[in-house]
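*Asks:* In this note's numbering, the protein residues as written are 11 to 621.
For every residue, glycine included, the Cβ atom is placed at its ideal position computed from N, Cα and C.
1. In three-state terms, what does DSSP make of residue 138?
2. Taking the alpha-carbon positions, what's the residue 181 to residue 324 distance?
3. Taking residue 394 and residue 340 to be in contact with their CB atoms under 8 Å, please state how far apart those CB atoms are, rounded to whole angstroms.
4. Anyone know if the C-beta pair for residue 492 and residue 542 falls short of 8 Å?
5. To the nearest angstrom, report how far apart residue 23 and residue 127 are at their CA atoms.
6. In the DSSP assignment, find the alpha helix (DSSP H) that holds residue 44 and state where it starts and stops.
7. Under 6 Å Cβ to Cβ from residue 272, same chain only, skipping five residues before and after it: list those, please.
8. Beta-carbon within less than 6 Å of residue 73's beta-carbon, same chain only, minus the 5 sequence neighbours each way: which residues are those?
9. Within the continuous alpha helix (DSSP H) that includes residue 469, where are the two ends?
10. From residue 282 to residue 520, what does the alpha carbon distance come to, in whole angstroms?
11. Residue 233 lies in the beta strand (DSSP E); which residues open and close that run?
12. How do the segment 24-33 and the segment 144-163 stand: do at least 3 beta-carbon pairs fall below 8 Å, yes or no?
13. When you compare the segment 225-241 with the segment 116-126, are there three or more beta-carbon pairs, one atom per stretch, that lie closer than 8 Å?
14. Since I believe residue 343 is in contact with residue 279 (beta carbons under 8 Å), could you give me their beta-carbon distance rounded to a whole number of angstroms?
15. To the nearest angstrom, report how far apart residue 384 and residue 448 are at their CA atoms.
16. Starting from the C-beta of residue 633, find all residues in its chain whose C-beta is less than 6 Å away, skip the five residues before and the five after it, and write them out in chain order.
17. Check whether the Cβ atoms of residue 77 and residue 465 lie closer than 8 Å to each other.
18. Starting from residue 32 and walking both ways along the alpha helix (DSSP H), at which residues does that stretch end?
19. Could you pull the start and end residues of the beta strand (DSSP E) that residue 368 belongs to?
20. Just tell me which of 288, 262, 255, 253 has its CA closest to the CA of residue 270.
21. Given a threshold of 16 other Cβ atoms within 10 Å of its Cβ, counted over all protein chains shown, does residue 472 qualify as buried or as exposed?
22. From the DSSP secondary-structure annotation, give me the bridge partner or partners of residue 518.
23. Taking the continuous beta strand (DSSP E) assigned at residue 210, which residues delimit it?
24. Sorted by chain position, which residues of the same chain lie with C-beta nearer than 8 Å to residue 242's C-beta, five sequence neighbours on each side aside?
25. Whose C-alpha, out of 34, 213, 45, is nearest the C-alpha of residue 87?
26. Going along the chain, which residues of its own chain have a beta-carbon closer than 7 Å to the beta-carbon of residue 50, five neighbours each way excluded?
27. Evaluate contact between the segment 434-446 and the segment 411-426, counting only Cβ atoms and requiring at least three cross-stretch pairs below 8 Å.
28. I'd like the list of long-range same chain contacts for residue 547, defined as Cβ closer than 6 Å, with 5 residues on each side in sequence excluded.
29. Assuming residue 458 is part of the beta strand (DSSP E), what are its boundary residues?
30. Under 8 Å, do residue 321 and residue 299 count as touching if we go by C-beta distance?
31. Taking the DSSP output, what are the residues bridged to residue 484?
32. Round the Cβ separation of residue 55 and residue 61 to the nearest angstrom and send it over; I've been treating them as touching at under 8 Å.
33. Using C-beta distances below 6 Å, list every residue in its chain close to residue 142, excluding the 5 sequence neighbours before and after it, in chain order.
34. Taking the continuous beta strand (DSSP E) assigned at residue 410, which residues delimit it?
35. Closest by CA to residue 451, which one among 405, 430, 411, 361?
36. Identify whether residue 249 lies in helix, strand or coil by the three-state DSSP scheme.
Here is the structure:
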């Protein structure tokens with residue numbers, strides 16, 4: 011498969027975890043990928059709805075999902091503008107996967123956006139040898155329900171196979187309005203021959219969730235009606251002063267992913283992996299805006315009868331639609347002590363952000379579905395990389411990796427606050443990596459590596475910088491990642507320890523301010539670092555019917571020097587910028603994390619249980 015070019019091997023000197031299909035299935039109960047990966051070292055997952063079927067997020071080594079590269083069968087999944095994967099848009103994706111590999115830190119070169127916290131490689135399942143059909147159902151608290159049905163032909167005599175799966179996930183959520191109503195369709199047509207595999211796959215996700223991202227204060231959690239389940243989304247007051255909630259306060263998205271991949275053995279030493287993909291996305295979130303100004307939407311005050319209104323209630327819908335095209339190629343050469351990989355990618359993204367008003371309480375002459383802004387963005391990327399592993403001696407192997415990325419991004423048009431938003435950016439990146447792997451004996455091994463990673467700013471960061479949200483222009487981030495690790499493997503027992511030091515230049519950090527939709531405003535800091543130790547263990551017990559997994563991460567995350575700027579006003583309403591300098595400041599989300607889990611199989615039974 012094409013993912014071989016971007017995955018780490020046994021002797022690759024990086025810290026990584028590979029999760030098999032069997033382990034994915036044991037942890038999957040209709041939950042999204044972040045909840046399934048929660049036993050990965052340095053990973054913290056959380057969910058807005060409280061159950062793991064709504065909006066779900068994760069961080070690795072304290073870095074958020076915008077800095078984590080994700081690929082599906084070697085093709086990038088990150089949205090090029092937000093550089094994030096919204097897992098809720100791909101419900102029940104885990105049921106289609108054969109394996110997941112998580113490389114922590116910069117990792118090896120891969121396709122798509124730059125990896126700062128980690129890179130995650132998803133591999134979809136292959137065809138089965140025999141025809142099959144299966145169905146599954148799971149139920150949980152707060153109305154959580156998931157079901158799926160799957161069938162396949164098996165590999166026929168002519169080498170063809172066809173597999174399909176349909177899934178549905180429903181839930182009411184722990185918090186008010188934390189509803190979920192998702193559907194997923196996956197279909198793949200494959201052709202197998204002695205030296206070649208062709209695959210055409212289609213993945214469709216339909217997501218409908220209640221808005222839960224606004225957050226609550228300690229005081230709001232004392233709400234008489236909902237208590238800790240309180241959620242202010244959609245709240246308004248009617249003309250009689252009664253508290254009401256807008257029923258369609260929702261987030262909705264429709265995604266279509268079409269992939270075609272070819273894997274072919276050219277000679278005994280040389281193989282080719284290539285593919286193309288097309289991702290189409292359309293979505294919107296809708297909410298009730300209580301007592302807002304007409305001017306916020308570029309409208310004049312409205313006169314109804316003898317009364318003129320400068321404010322009223324609106325139903326606001328913010329939409330996005332995008333097309334993402336990718337072509338990639340990888341060539342693997344392996345002979346004797348040398349393993350060499352060459353890879354390249356071209357991608358083009360065309361997306362639009364726009365807003366409409368489906369309903370206005372008081373309107374005189376405003377057309378239905380009035381559009382108050384539209385901004386268009388186009389982003390392209392060209393990247394090439396080469397990797398080499400050389401077995402210098404029986405114990406020692408060397409690793410080298412060179413990558414060049416060039417990113418072009420342009421956007422134009424009016425933004426949601428009626429400001430003109432136009433920008434043209436070019437980012438060339440050169441990312442070298444090197445390391446070594448030393449095998450002490452059959453059970454013990456050591457590795458060390460140094461890697462450079464660079465990353466362009468997000469659309470949101472650039473637009474806030476243009477509008478003056480940051481004191482200085484937003485710059486790309488650069489990080490040098492140092493890793494030193496130890497692995498032990500014997501009869502199913504796996505132990506590991508890894509030291510890391512991630513040295514950042516111009517890291518994007520949160521300012522503490524939020525936009526009106528809860529996005530965290532960011533700015534560059536010149537020097538900062540994340541350092542820590544990761545410990546992990548997996549031990550089978552009681553004739554391998556019980557397995558205990560444990561990991562712990564202890565980290566220190568600091569900004570070397572930081573200057574915060576504030577507006578300061580005097581009694582005459584004159585103001586000035588005032589700077590406050592801080593040294594060795596802790597980064598937000600700087601976790602000390604520990605995790606313990608256990609899995610056991612009842613004797614003489616197929617039942618599996620985990621904690």
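*Replies:* Here's the rundown:
1. Coil, per DSSP.
2. Taking the CA atoms as reference points, residue 181 sits about 28 Å from residue 324.
3. Not quite, the Cβ-Cβ distance comes to about 11 Å (not below 8 Å), so this is no contact.
4. Between residue 492 and residue 542, the CB-CB gap reaches or exceeds 8 Å.
5. Spanning the two alpha carbons is a distance of roughly 16 Å.
6. 43-46 is the span of the alpha helix (DSSP H), which, as asked, contains residue 44.
7. Residues of the same chain with a CB within less than 6 Å of the CB of residue 272, apart from the 5 flanking positions on each side, are 208, 284 in chain order.
8. Closer than 6 Å at the Cβ level, and outside the excluded window around residue 73, lie 126, 127.
9. Secondary structure note for residue 469: its alpha helix (DSSP H) is the uninterrupted segment 469-476.
10. Cα-Cα distance, rounded: 43 Å.
11. Looking at the DSSP string, residue 233 is not in any beta strand (DSSP E), and its letter there is neither H nor E.
12. Too few Cβ pairs lie closer than 8 Å, so no.
13. At 8 Å Cβ cutoff, the stretches do not touch.
14. About 6 Å; that satisfies the 8 Å criterion.
15. Rounded to whole angstroms, the gap between the alpha carbons of residue 384 and residue 448 is 55 Å.
16. Within the shown structure, residues of the chain are numbered from 11 to 621, placing residue 633 beyond reach of any answer.
17. Pairing residue 77 with residue 465 gives a Cβ-Cβ distance under 8 Å.
18. 31-37 is the span of the alpha helix (DSSP H), which, as asked, contains residue 32.
19. Note, residue 368: beta strand (DSSP E), 348-370.
20. Nearest Cα to residue 270 within the set 288, 262, 255, 253: 288.
21. Burial call: buried.
22. 534.
23. Per DSSP, the unbroken beta strand (DSSP E) holding residue 210 starts and ends at 206-220.
24. Closer than 8 Å at Cβ, skipping near neighbours: 224, 226, 230.
25. Per the Cα distances, 213.
26. Excluding positions up to five away in sequence, the list reads 27, 112.
27. As far as the Cβ criterion goes, the segment 434-446 touches the segment 411-426, which means the pair count is three or higher.
28. For residue 547, the CB contacts under 6 Å within the same chain, skipping 5 residues up- and downstream, are 505, 560 in chain order.
29. That run of the beta strand (DSSP E) goes 454-465.
30. No. Outside cutoff.
31. In DSSP, residue 484 forms no bridge with anything.
32. Rounded, the Cβ-Cβ distance is 12 Å, inconsistent with contact.
33. Counting only Cβ-Cβ distances below 6 Å, and skipping sequence neighbours, we find 162.
34. Taken as a continuous stretch (DSSP letters only), the beta strand (DSSP E) holding residue 410 covers 406-423.
35. Ranked by Cα distance from residue 451, the options 405, 430, 411, 361 are led by 405.
36. Note: residue 249 maps to coil in three-state DSSP.
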